[in-house]
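Chemist:
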Amino acid sequence: MAAAGALDAWDDEGLADIAGRAVAQARAAGALRVLPEALGQRAVAHVLAGELADAAGLLAEADTIAAAGRRPHAGAVLLLAACRGRPVEAGEVIDAAVKEATARGEGRLLAAGEHARAVLQAGLGGYPAALAAGLAAAGHDDLGLLNLALEEVVEAACRTGAAQTAHEHLARLEERARAAGGDWALGVAARGRALVGTAPEDDFREAIARLDNGRLALPLARTRLLYGEWLRREQRRVDARAELRAAHEAFAAAGAEGFAERARRELAATGETARRRVPQTRDELTPQEAQIARLAAAGHTNPEIGAELFLSARTVEWHLRKVFGKLGVTSRRELRSRAG
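Going left to right, the sequence shown walks through residues 542 to 881 as the working numbering numbers them.
The following block contains the structure:
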């Protein structure tokens, strides 16, 4: 509840801190029923920060620990899939969650599924579908999710010419943002005004300045993308390239494939070609291998890694041998160099 409250207040630092402490306390107590939910909340903070690989590692651990049945961290799984932007893979995850939520009558899961669909479609440029999903998510008025849903509705409504819908939902967004205060809240409100208003440049610049102050790499990149798209439509190609290039690089580094491709297309429309991201060898690691590699690179011993991930030291050693082989390294020192 505290983590959801942090989202509801647009408090990215609070979310990361609350979820991080919850994970640490659950690990220390061996509270395996609580740990998957804490890992899911921490994964959401990683997604917002553009650290999708770290989020995937935590969710893989949560899947290993969670008992059979509905995953308590399903919202984080949905958000990660949507931000990765792989249409078939994400669509299957979202459709399954929405079907399950409908059958069980779980409003929060249904809201999370529709919000994820809106994010996925925004990345793919499917604005009518993004608007429908965003409106469905916003209709649930769910703690921690309403803010995110309102952002999607405003953007999609502007892109589909639904001016009245955009104005109405921007008013709700601004009211909540003023109550929350803080750079994340005021930054997304400024971005909304930039999309809806007739003189958006100052609002775009305010949004970028505010979102650059926190752990918000993906919201910041989305704002740069929107600003770059507006600049291109204003025939300011040189200025547009700077924003679109920054957005593309951020999305590509995060592994947000849908948004990266959208930024690449926009950049190409300005006359500049962005290189498609070439998958690195580290992408071949499973989520659990990636997490073990990250912990080993940070200096943790095999027993320490095993204690954190509820694995035996021997199992950790076996996974590390596979990691070394995939990455072409022979020592933890080389692993730290690759991680850097």
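No residue lacks a Cβ here, since even glycine has one placed at the ideal position from N, Cα and C. Please read all numbers here as calculations on a predicted model, not as lab measurements.
1) Just verifying my parser: in three-state terms, what is the DSSP assignment at residue 754?
2) Below 8 Å on the Cβ atoms is my contact criterion, and I expect residue 735 with residue 748 to pass it. Report the Cβ-Cβ distance as a whole number of Å.
3) Using the C-alpha atoms, what's the distance from residue 691 back to residue 713?
4) Look at the alpha carbon of residue 793 and the alpha carbon of residue 801, and state the distance between them as a whole number of angstroms.
5) So what does DSSP say about residue 872, is it helix, strand or coil?
6) Which of helix, strand or coil does DSSP assign to residue 558?
7) I need the straight-line Cα distance from residue 778 to residue 737, nearest angstrom please.
8) I need the straight-line Cα distance from residue 810 to residue 765, nearest angstrom please.
9) Determine whether the beta carbon atoms of residue 761 and residue 733 lie at a separation below 8 Å.
10) Tell me the DSSP secondary structure of residue 819 in three-state form.
11) Starting from residue 828, trace the alpha helix (DSSP H) both ways and give me its first and last residue.
12) Residues in the same chain with beta-carbon distance under 6 Å from residue 573, minus the five sequence neighbours each way, listed in chain order, please.
13) Considering Cα atoms alone, identify which of 708, 755, 682 is closest to residue 739.
14) With a threshold of 16 other CB atoms inside 10 Å of the CB of residue 682, please say whether the residue is buried or exposed.
15) Alpha carbon to alpha carbon, how far is residue 650 from residue 616? Give it in angstroms, no decimals.
16) With a CB to CB cut of under 6 Å and the five nearest residues on each side skipped, what residues in its chain are close to residue 854?
17) Taking the alpha-carbon of residue 581 as reference, which of 591, 564, 590 has the nearest alpha-carbon?
18) Here's the rule I'm using: 16 or more other beta-carbon atoms within 10 Å means buried, otherwise exposed. How should residue 862 be labelled?
19) Spatial neighbours of residue 857 within its chain, please: CB distance less than 7 Å, with the 5 preceding and 5 following residues excluded, ordered by chain position.
20) Since residue 544 and residue 559 should fall inside the 8 Å C-beta cutoff, what is the C-beta to C-beta distance between them, to a whole number of angstroms?
21) Whole angstroms is fine: what's the gap from residue 549's alpha carbon to residue 673's?
22) Apply the 10 Å Cβ neighbour rule to residue 669 and answer buried if 16 or more other Cβ atoms are within range, or exposed otherwise.
23) Taking the alpha helix (DSSP H) that residue 547 belongs to, which residues open and close that run?
24) With DSSP collapsed to three states, give me the class of residue 844.
25) List the whole-angstrom C-beta distance separating residue 599 from residue 625, where the pair is believed to meet the contact cut-off of C-beta under 8 Å.
26) Give the range of the alpha helix (DSSP H) segment to which residue 782 is assigned.
27) For residue 710, which of helix, strand or coil comes out of DSSP?
28) At the level of alpha carbons, what is the spacing between residue 718 and residue 551?
29) Between which two residues does the alpha helix (DSSP H) containing residue 734 stretch?
Modeler: Answer, in terms of the structure:
1) Assignment of residue 754 by DSSP, reduced to helix, strand and coil, places it in the coil class.
2) The Cβ separation is near 6 Å, so the contact holds.
3) So the alpha carbons of these two residues sit roughly 8 Å apart.
4) In a straight line, the C-alpha of residue 793 is about 6 Å away from that of residue 801.
5) Here residue 872 sits in coil by DSSP.
6) In the three-state scheme derived from DSSP, where H, G and I count as helix and E and B as strand, residue 558 is classed as helix.
7) Going from the Cα of residue 778 to the Cα of residue 737 covers about 22 Å.
8) Going by the C-alpha atoms only, they are around 16 Å apart.
9) No, the pair does not count as a contact, with Cβ atoms beyond the cut-off.
10) For residue 819, the predicted structure reports a pLDDT of 45, less than 50, and the residue's modelled location is therefore unreliable. A value from the coordinates is still provided. Coil, per DSSP.
11) In the DSSP assignment, residue 828 falls within the alpha helix (DSSP H) that extends over 828-838.
12) The residues are 606.
13) Among 708, 755, 682, the Cα nearest to that of residue 739 is on 708.
14) By the 10 Å Cβ count, residue 682 comes out exposed.
15) Between residue 616 and residue 650, the alpha-carbon positions lie close to 7 Å from each other.
16) Here the set comprises 843, 844, 847.
17) Cα-wise, what sits closest to residue 581 is 564.
18) The residue in question, residue 862, is exposed, as its Cβ has fewer than 16 Cβ neighbours within 10 Å.
19) If we look at residue 857 and ignore the five residues flanking it on each side, its Cβ neighbours are 833, 843, 846, 847.
20) Rounded, the Cβ-Cβ distance is 5 Å, consistent with contact.
21) Looking at the two C-alpha atoms, the distance is approximately 22 Å.
22) Per the 10 Å Cβ criterion, exposed.
23) Taken as a continuous stretch (DSSP letters only), the alpha helix (DSSP H) holding residue 547 covers 543-549.
24) Note: residue 844 maps to helix in three-state DSSP.
25) No, residue 599 and residue 625 are not in contact; Cβ-Cβ is about 15 Å, not under 8 Å.
26) From DSSP, the alpha helix (DSSP H) with residue 782 extends over 778-795.
27) Looking at residue 710 - three-state DSSP - the assignment turns out to be helix.
28) Between residue 718 and residue 551, the C-alpha separation is close to 8 Å.
29) Counted as a single uninterrupted DSSP element, the alpha helix (DSSP H) harbouring residue 734 occupies residues 724-737.
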